[in-house]
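*Asks:* Taking the working numbering, the leading residue of the sequence shown gets 6, the next gets one more, and so forth. Positions of the beta carbon are idealized from the N, C-alpha and C atoms, including for glycine. Starting off with a structure, shown below.
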Amino acid sequence: MHKKQFSITFILLAWAIFNLLFWQTSSTWLNVSVEHNMINSEAQFLHGLTLLGIDLLFIWIGRQLAARQFGFHQIVQFFIKTWLMVFGVASLMMVIEVLNHQFTRQIFYQTFLPLGQNTSPLLTGLLLGVILIRLTGELSTIAIPWMKLTLWIMIFLPTLGGHDLFNWANGTNPLLYAILMVLGSLASKQSRKRLSIIGILSLIIGLACLIVLPITAMLLNEINGTQLSPSRMTNAANAFLVLFAWAGVHVINRPQKSNDTTTNWHQLYWTGLALFISQYPLTSSLFTSVANQYSSKNAALVLVSFGATIILLIVSIVLTSISWWIGQISTLSSKIDDFSHYPNWSSPDNWGLATRHYLIKHWNILLALVFSYGLAALSMLAMNLSHDNHWHHVLTYTLTVRNLMILFNTLIIFALFEFLWTLSRHYWFALGTTSAVFLAWIIASVLKAISRGEPIMPSELKMVSNWGNIIKMSGGATVIAAIALIVVTVALIIVFEHWLPQKHPQTISRAIFWLLLFPVLIGSSFFWNHQPLYTFTRGIGNDPQFYKQLWGAEANGPFVQLLDNIDIQVMHQPRGYNKKTML
């Protein structure tokens with residue numbers, strides 16, 4: 006039974022991905038107009054057949070989940086593990102973009118926040134559908150028929166009315182795919198014979214509409230100038246195609262309840278990863294660049310799209326297996342499973358309690374993150390407020406436009422904290438020292454900006470050895486403030502270490518990671534102005550402004566601006582520049 010389910014899932018997934026790939030090529034079927042109505046009808050008919058793959062896939066997945074019993078803690082596991090797999094694969098793609106000198110801030114967000122960016126609406130719909138199916142199981146027998154009626158009305162209204170009420174036509178609304186899964190999960194009381202009749206009639210009507218609409222659009226345009234979009238039904242929300250897919254899946258499979266969920270979850274991981282890769286921008290650009298070599302050759306484009314689909318599926322299966330193996334070897338998978346049971350994610354009613362317990366247990370790490378973020382934001386705000394800038398404009402600009410640079414500064418500060426904590430095993434010493442050092446750096450940077458119109462530069466760090474002259478130039482008030490800061494910091498460290506000591510969650514792998522991260526971050530600054538790190542740092546928003554150092558400090562923060570100036574490359578060598586080509 007599992008082999009049959011896998012085979013059907015593989016076929017339907019290939020069908021859906023082929024639809025995603027082929028219809029972004031330069032096929033002549035896409036270059037049609039109202040005047041070429043017969044060609045347009047042919048294209049609409051073929052597009053409708055390929056769109057069936059998406060409807061069949063999600064309704065099929067929903068039907069399989071209906072046969073399983075799973076709790077909300079398994080949904081938590083599924084979400085976390087899916088994000089980790091997606092993040093790992095997207096990180097590899099991000100490296101390719103960096104090496105290709107095409108990395109942007111948008112790619113960064115698509116890597117770390119694929120759901121928030123809706124990078125893959127199909128994957129988002131899959132995750133949303135899993136939640137809705139689980140919630141549907143909580144409904145009463147009276148509520149379910151009303152819900153089914155509501156969902157079918159939502160499907161049929163845009164198709165019959167011709168107005169895209171829910172923004173489903175462009176395929177970017179994940180709710181459509183979640184609804185398809187829910188419809189698949191709801192059992193039908195119709196006989197197989199009746200379902201077959203309904204499915205066949207729906208398919209005939211749907212495909213007939215796709216053929217007739219282009220001709221109708223031409224006639225209406227010639228008679229009274231009325232514009233009717235011939236592609237109004239060429240999307241996965243076509244109600245007749247959905248009805249055919251729903252009937253077909255229920256005819257093929259009527260599974261019984263089962264407690265076995267292992268195989269289904271593994272297929273969901275693989276399916277989700279395949280959908281994500283197929284809709285990732287890099288995949289689209291690479292495939293399009295290859296397919297464009299066969300423009301105007303529809304048969305060749307079909308073969309190229311089919312080959313790319315099979316390759317993508319094989320890669321997804323391999324990457325899913327590798328991710329599973331890494332999770333088992335690193336015990337990450339078991340840690341996620343433990344997290345999903347702490348204290349109990351089995352019901353949404355317990356999620357508030359679970360979140361509260363988790364925050365209480367990890368308050369020390371969260372406090373360090375808050376301190377790190379606060380110092381990072383303060384460093385950038387302070388440099389902007391060193392001049393006559395309106396504070397509300399500065400606040401908005403810093404926390405929104407420059408949010409990635411705040412996070413980059415936060416990472417550096419938090420890495421120093423963890424470095425000191427790992428070395429000393431004393432939490433408050435690490436937090437106090439990190440806070441005092443960066444606070445002193447912020448104050449010194451602001452004073453330097455006010456007096457000299459520039460931030461602290463790397464060459465000025467050599468003056469630390471001549472601390473006597475520095476004290477004389479700083480003035481009495483500055484020296485007293487510095488001494489007070491040191492005294493207060495030391496006093497607070499002693500008090501908190503005595504009354505509220507924190508044990509370091511030390512493991513060998515964790516210790517090695519944190520002992521290396523901070524030196525690596527600082528050491529990498531020697532290459533920030535050289536490829537490929539140049540592309541990455543500029544992509545996340547690092548803007549040194551070497552011709553006006555204070556502007557760079559305002560945009561990046563004084564510490565990152567200091568690191569930017571460690572190794573400056575005045576001009577990048579053009580591609581192909583060498584002695585031979587210049588002669």
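In terms of residues, what are the limits of the alpha helix (DSSP H) holding residue 406?
*Replies:* It is not in any alpha helix (DSSP H) - residue 406 carries neither H nor E in the DSSP assignment.
*Asks:* Is the beta carbon of residue 68 sitting closer than 9 angstroms to the one on residue 258?
*Replies:* Their beta carbons are under 9 angstroms apart, which means residue 68 touches residue 258 by this criterion.
*Asks:* For the stretch 162-171 against the stretch 310-323, do three or more pairs of beta-carbon atoms, one drawn from each stretch, fall closer than 8 angstroms, so that the two count as touching?
*Replies:* These segments do not touch.
*Asks:* Within its chain, find whatever has a CB closer than 6 angstroms to the CB of residue 450; leave out the 5 residues flanking it on each side and keep chain order.
*Replies:* Once the five neighbours on either side are set aside, the close Cβ partners of residue 450 are 460, 461 and 563.
*Asks:* Report all residues from its chain with a CB closer than 6 angstroms to the CB of residue 61; omit the five preceding and five following residues, and keep chain order.
*Replies:* Correct list, in chain order: 17 and 250.
*Asks:* CB-CB under 8 angstroms to residue 570, same chain, minus the five flanking residues each way: which ones, in chain order?
*Replies:* The answer, listed in chain order, is 462, 463, 549, 551 and 554.
*Asks:* When you compare each of 77, 256 and 430 to residue 204 by their alpha carbons, which one comes out closest?
*Replies:* Of 77, 256 and 430, the residue nearest in Cα terms is 256.
*Asks:* What whole-angstrom Cβ distance do residue 374 and residue 419 have, given they're in contact under 8 angstroms?
*Replies:* About 6 angstroms; that satisfies the 8 angstroms criterion.
*Asks:* Starting from the Cα of residue 128, find the closest Cα among 23, 277, 15 and 82 and give me that residue.
*Replies:* Selected option, being the one with the closest Cα: 277.
*Asks:* What residue does the alpha helix (DSSP H) around residue 369 start on, and which one ends it?
*Replies:* Its alpha helix (DSSP H) spans residues 368-389.
*Asks:* Using 9 angstroms as the threshold, is the C-beta distance between residue 5 and residue 90 below it?
*Replies:* This structure does not reach residue 5, given that the chain is present from 6 up to 588, and the question cannot be answered.
*Asks:* Quick one: complete alpha helix (DSSP H) runs, 4+ long, within the stretch 115-193?
*Replies:* Listed in chain order, the complete alpha helix (DSSP H) runs (minimum 4 residues) inside the stretch 115-193 are 126-141, 148-166 and 179-190.
*Asks:* Note the first and the last residue of the continuous alpha helix (DSSP H) segment covering residue 561.
*Replies:* Element bounds for residue 561: 554-561.
*Asks:* Return yes when the Cβ of residue 271 is within less than 9 angstroms of the Cβ of residue 329, no when it is not.
*Replies:* Yes, Cβ-Cβ distance for residue 329 and residue 271 is below 9 angstroms.
*Asks:* Exposed or buried, which one is residue 21 when buried takes at least 16 other CB atoms within 10 Å?
*Replies:* By the neighbour-count rule (16 or more Cβ atoms within 10 Å), residue 21 is buried.
*Asks:* What residues in its chain sit with their C-beta under 8 angstroms from that of residue 229, if we drop five residues either side in the sequence?
*Replies:* Reliability fails at residue 229, whose pLDDT of 46 lies under 50, so the model's placement of it is uncertain and the value that follows must be treated cautiously. Around residue 229: no qualifying Cβ.
*Asks:* I'd like the span of the alpha helix (DSSP H) that includes residue 286, first residue to last.
*Replies:* 286-296 is the span of the alpha helix (DSSP H), which, as asked, contains residue 286.
*Asks:* State the DSSP-derived secondary structure class of residue 430, mapped to helix, strand or coil.
*Replies:* Three-state result, residue 430: coil.
*Asks:* DSSP state of residue 346, grouped into three classes?
*Replies:* Residue state, collapsed to three classes: coil.
*Asks:* Residue 500: buried (16+ other C-beta within 10 angstroms of its C-beta) or exposed?
*Replies:* Result: exposed.
*Asks:* Straight-line CA distance for residue 143 to residue 173?
*Replies:* Those two C-alpha atoms are separated by around 27 angstroms.
*Asks:* Buried or exposed: where does residue 518 fall if 16 or more other Cβ atoms within 10 Å of its Cβ makes it buried?
*Replies:* Exposed, by the Cβ-count rule.
*Asks:* Take the Cβ of residue 130 as the centre, count every other Cβ of all protein chains shown within 10 Å, and call the residue buried at 16 or more, exposed below.
*Replies:* Classification of residue 130: buried, given that the 10 Å Cβ count is 16 or more.
*Asks:* In this structure, does DSSP put residue 332 in helix, strand or coil?
*Replies:* Helix at residue 332.
*Asks:* Helix, strand or coil for residue 88? Go by DSSP, reduced to three states.
*Replies:* In this structure, residue 88 counts as helix in the three-state DSSP scheme.
*Asks:* So what does DSSP say about residue 548, is it helix, strand or coil?
*Replies:* In the structure shown, residue 548 sits in coil (DSSP, three-state: anything other than H, G, I, E or B).
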